[in-house]
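Asker: Sequence order for the protein chains is A and B. For the first sequence, numbering that gives the first Met the number 0 gives the first residue as 0, with consecutive numbering after it. For the second sequence, numbering that gives the first Met the number 0 gives the first residue as 0, with consecutive numbering after it. We treat Cβ as the ideally placed atom computed from N, Cα and C, and that holds for glycine.
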Amino acid sequence: MNAPQQARHTDGGHVLMKGNEAIAQGAMDAGCRAFFGYPITPQNQIPDYMALHMPEVGGVFLQAESEVAAINMVYGAAATGARVMTGSSSPGVALMQEGISYLAGAELPAVIVNVARGGSGLGNIAPAQSDYFMSVKGGGHGDYRTLVLAPWSVQELYDFMFDAFDLADRYRTPVVVLADAVLGQMMEPMRFDRTPIDPAGLPAKPWATTGARGRKRNIINSLYIVAEELERVNRRIQARLDEAQKEVRWEGHHLDDADLAFVAYGTAARVCLTAMETARGQGIKVGLLRPVTLYPFPSQALADLAERVRAMLVVEMSLGQMVEDVRLAVSGRVPVEFYGRTGGVVPTPRDVCDALAAIREVAPR
Amino acid sequence: MTPPTARTAFAAPESLWPGRMHYCPGCTHGIIHRLIAQAMDDLGIRERAIGIAPVGCAVFAYDYFECDMLEAAHGRAPAVATGIKRVLPDSMVFAYQGDGDLASIGLAEVTHAAARGENITIIFVNNAVYGMTGGQMAPTTLPGMRTSTTPHGRDVRTAGHPIRVCELLAVLDGPGYIERVTVSRPQYVAGAQKAIRRAFETQLEGKGFALVEVLSTCPTRWGMGPGEALEWLEANMVPYYPLGVFVPRGEAGEGA
């Protein structure tokens, strides 16, 4: 299908699009034909857009009675081999964690978009990055990880839906796209720069439960009573995730001559980009390393960077979650300092520049 | 040499897995499994069927049917069934759930699937107790009934009242067929067979949500012999959970 009817403005191939709508259009263009979700701010334009446009491509939209039901509908649809997704925000994604664990255990591909908001508890509807742990450390019960993509623009919200569905199918795993209220709610120019995928042309999924016509029955399950058998299954799943480490993605900005580096993802990385430009204008040689995949995590890139810079400043919209993984990767080679805002507060470039000035004092020469 | 008048009077349904089931002696899950498999055979739907097993004693049901099967999280089978049926409307989707799974932790999922008129079939096995976890109180445990968490008998003043699922769902507009049956004696088994077949036919005809509640025994957790348990069921459960049709087939069923 072509550019969506909702695109508000076009100019030279660009459209001005809201983040949440780019997610929904990106999913449909990536061959997603089933969406199950429950209303929650600040992601409501995803189900709104799906409700309007999914029927146009012969897909399924269903508003579930809860996030718990929604993720289990995703489980059922994923078991049939369909490209299926849900969208939610932090408290809703927390409710889905049981189902995400079942998806992981049953080796089912699906995409979960989290347009994250402030927490804990009911928190608020402002942008936050406090769901890093929940996203990259497994989130639910059991011994699993999900692949996690961290877009920082409306363009990437669109593009990453293709990547998320491809990764989910390739590694038979749930994939989390971790955005936040800024990304979901803002409008930016973007291009529909990917060729829409016809789901009929996607590779077959011989494991899918579609009815046992002329073949042996398929069973989708995550129950293995014998401990050694469950261990074998968990290792098989982990082996696929080990293979998926090669999918690691990160982006460097002005790292070549940097002696200090910001490390940030998503919205915080956008803020750091502006702060970097300001600081460079003042003669401070600072760069930015932006993890694009949060699992797999760009540990090697950070370890390499630690050989070249005097210190790193991790900036997050949380009290410090990704910083733990950065410190593990850097392994004490250089100081890894932290600046974070929490509760839905987005740091300003000036805040970040001030924090950078403070670490310049402590960074070894 | 086979006499010329011989015919097969009784055989295992093709849709039933031929292996040995794990159920306790006297448990009626095995009978109910057979009735479902027989209905699949009779209607010729095995190759279109996708079944969903619950959490509880029937957790291994995904092994016991010769059709595609899934295991669902506790109580979520109607949501899983919804996801399958919406994507594959020509499939025949059934969920097999116990009383804890459906009427306690999964009450929201079954209620909304019913309200949507989701075109699926649910076999609801009510034996008034949590069997697998050790005989705890179920949402359908009778007043005064002893369980491991109501050791002095269910006191409705503190533990609340049992839930009558068929009656609860029958007030909704979505269901196309709801009936309560039992398998405590052969003539009731025959009636249960008809009801389960009707529940699948309702789905085949696209007439909406179909649920058959089967009153069942748990000799192990009830602390009774199999025969005594069947008698106890008829004397105690049937009066509280009356048998019968709550939504006649084809009357409602305007839904998904």
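I'd like to check one pair, E64(A) with A10(B): are the Cβ atoms closer than 7 Å?
Answerer: Locating residue 10(B) in the second sequence gives position 11, where the first residue counts as 1. Locating residue 64(A) in the first sequence gives position 65, where the first residue counts as 1. No, the pair does not count as a contact, with Cβ atoms beyond the cut-off.
Asker: Where does A6(A) sit, in a helix, a strand or coil, going by DSSP?
Answerer: Reading the first sequence from its first residue, position 7 is the one you call residue 6(A). Its pLDDT being 46, under 50, A6(A) is placed unreliably in this model, and the coordinates cannot settle the point.
Asker: Rounded C-beta distance between G97(B) and T219(B)? I'm assuming under 8 Å.
Answerer: Residue mapping note: residue 97(B) aligns to position 98 of the second sequence, counting from 1. Residue mapping note: residue 219(B) aligns to position 220 of the second sequence, counting from 1. Actually they are not in contact, since the Cβ atoms of G97(B) and T219(B) sit about 14 Å apart, beyond 8 Å.
Asker: For T139(B) versus A209(B), is the C-beta spacing smaller than 7 Å?
Answerer: Mapped onto the second sequence, residue 139(B) falls at position 140. Mapped onto the second sequence, residue 209(B) falls at position 210. No; because the gap between Cβ atoms is not below 7 Å, this pair is not in contact.
Asker: With contact counted as at least three CB pairs below 8 Å, one residue from each stretch, are the segment 88-99 of chain A and the segment 185-205 of chain A in contact?
Answerer: Touching, no.
Asker: Return helix, strand or coil for F161(A), following the three-state DSSP convention.
Answerer: Stepping through the first sequence from its first residue, residue 161(A) is reached at position 162. Here F161(A) sits in helix by DSSP.
Asker: To the nearest angstrom, how far is the alpha carbon of D258(A) from that of W249(A)?
Answerer: Numbered from 1 along the first sequence, position 259 holds the residue referred to as residue 258(A). Numbered from 1 along the first sequence, position 250 holds the residue referred to as residue 249(A). Using only the alpha carbons, I get a separation of about 19 Å.
Asker: Short of 6 Å in beta carbon distance, which residues of its chain neighbour D28(A), apart from the five on each side in sequence? Order them along the chain.
Answerer: Here residue 28(A) refers to the residue found at position 29 when the first sequence is read from its first residue. Here the set comprises P195.
Asker: Shorter than 7 Å from the beta carbon of D41(B) to some beta carbon of chain A?
Answerer: The residue you call residue 41(B) lines up with position 42 of the second sequence. D41(B) does not count as touching chain A.
Asker: What does I218(A) pair with, by DSSP beta-bridge criteria?
Answerer: Position 219 of the first sequence, counted from the start, is the residue given in the question as residue 218(A). Paired residue(s): M68(B).
Asker: Quick one: which unbroken alpha helix (DSSP H) runs of 4-plus residues sit fully inside the segment 46-93 of chain B? Chain order, please.
Answerer: Listed in chain order, they are 60-63, 76-86.
Asker: State buried or exposed for R6(B), treating a residue as buried only when at least 16 other CB atoms are found within 10 Å of its CB.
Answerer: Taking the second sequence and counting its residues from 1, the one referred to as residue 6(B) is at position 7. Classification for R6(B): exposed.
Asker: Could you give the C-beta distance for L42(B) and E204(B), rounded to a whole number, given that I count them as a contact under 8 Å?
Answerer: On the second sequence, position 43 is the one that residue 42(B) refers to. On the second sequence, position 205 is the one that residue 204(B) refers to. At roughly 11 Å, the Cβ-Cβ gap does not stay under 8 Å, so L42(B) and E204(B) are not in contact.
Asker: Taking CB distances under 7 Å as the criterion, tell me whether M72(A) reaches chain B.
Answerer: Within the first sequence, the letter at position 73 stands for residue 72(A). Yes - at least one Cβ of chain B is within 7 Å of the one on M72(A).
Asker: Output the distance between the C-alpha atoms of F64(B) and A94(B), rounded to the nearest integer angstrom.
Answerer: Working through the second sequence from its first residue, we reach residue 64(B) at position 65. Working through the second sequence from its first residue, we reach residue 94(B) at position 95. Using only the alpha carbons, I get a separation of about 12 Å.
Asker: Sort out for me which residues DSSP pairs H111(B) with in a bridge.
Answerer: One-based indexing of the second sequence puts residue 111(B) at position 112. Answer is none; H111(B) lacks a bridge partner.
Asker: Between the C-alpha atoms of D100(B) and A137(B), what's the straight-line distance to the nearest angstrom?
Answerer: Your numbering for residue 100(B) matches position 101 in the second sequence. Your numbering for residue 137(B) matches position 138 in the second sequence. Rounded to the nearest angstrom, the two C-alpha atoms are 9 Å apart.
Asker: In the DSSP assignment, find the alpha helix (DSSP H) that holds G265(A) and state where it starts and stops.
Answerer: Translated into the one-based positions of the first sequence, residue 265(A) becomes position 266. Its alpha helix (DSSP H) spans residues 265-280.
Asker: Under the rule that 16 or more other beta-carbon atoms within 10 Å means buried, what is V246(B), buried or exposed?
Answerer: Along the second sequence, read from residue 1 onward, the residue named residue 246(B) stands at position 247. Flag for V246(B) reads buried.
Asker: Residues of chain A with CB under 7 Å from I49(B), in chain order?
Answerer: Walking along the second sequence from the start, residue 49(B) turns up at place 50. Ordered by position in chain A, the residues that pass the 7 Å Cβ test against I49(B) are T208, G210.
Asker: With 7 Å as the limit, tell me which residues of the segment 210-231 of chain A have their beta carbon closer than that to any beta carbon of chain B; keep them in chain order.
Answerer: Here the close residues are G210, A211, R212, R216, N217, I218, I219, N220, S221, L222.
Asker: CA-CA distance, Q5(A) and I104(B)?
Answerer: Along the first sequence, read from residue 1 onward, the residue named residue 5(A) stands at position 6. Along the second sequence, read from residue 1 onward, the residue named residue 104(B) stands at position 105. Residue confidence is low: Q5(A) scores 46 on pLDDT, short of 50, so the model does not pin down where it sits. Its coordinate-derived value is still stated next. When rounded, the distance between both Cα atoms is 40 Å.
Asker: Taking DSSP as the reference, what is the three-state secondary structure of S377(A)?
Answerer: Residue coverage of chain A in this structure runs from 0 to 364, which leaves residue 377(A) outside it and unanswerable.
Asker: Which residue comes first and which comes last in the alpha helix (DSSP H) that contains D47(A)?
Answerer: For the purposes of this step, residue 47(A) is taken as the residue at position 48 of the first sequence. Unbroken alpha helix (DSSP H) run through D47(A): 44-52.
Asker: Going by C-alpha to C-alpha distance, which of H252(A), A149(A), A105(A), V59(A) sits closest to E276(A)?
Answerer: If you number the first sequence from 1, residue 276(A) lands on position 277. Among H252(A), A149(A), A105(A), V59(A), the Cα nearest to that of E276(A) belongs to H252(A).
Asker: Going along the chain, which residues of its own chain have a beta-carbon closer than 8 Å to the beta-carbon of M0(A), five neighbours each way excluded?
Answerer: Mapped onto the first sequence, residue 0(A) falls at position 1. With a pLDDT of 38 at M0(A), under the threshold of 50, the modelled position of that residue is not reliable, and the figure given next carries that caveat. Once the five neighbours on either side are set aside, the close Cβ partners of M0(A) are M27, D28, E55, V56, P195.
Asker: Which bits of chain B does E97(A) rub up against, with CB to CB less than 7 Å?
Answerer: As a first step, residue 97(A) is located in the first sequence; it is residue number 98 there, counting from the start. Result: A72.
Asker: Distance, Cα to Cα, R216(A) vs D67(B)?
Answerer: Taking the first sequence and counting its residues from 1, the one referred to as residue 216(A) is at position 217. Taking the second sequence and counting its residues from 1, the one referred to as residue 67(B) is at position 68. Taking the straight line from one Cα to the other gives about 5 Å.
Asker: Does the Cβ of S119(A) have 16 or more other Cβ atoms within 10 Å, making it buried, or fewer, making it exposed?
Answerer: Indexing the first sequence from 1 puts residue 119(A) at position 120. Under this definition S119(A) is an exposed residue.
Asker: For K84(B) and W221(B), I'd like the C-alpha separation in whole angstroms.
Answerer: Along the second sequence, read from residue 1 onward, the residue named residue 84(B) stands at position 85. Along the second sequence, read from residue 1 onward, the residue named residue 221(B) stands at position 222. So the alpha carbons of these two residues sit roughly 37 Å apart.
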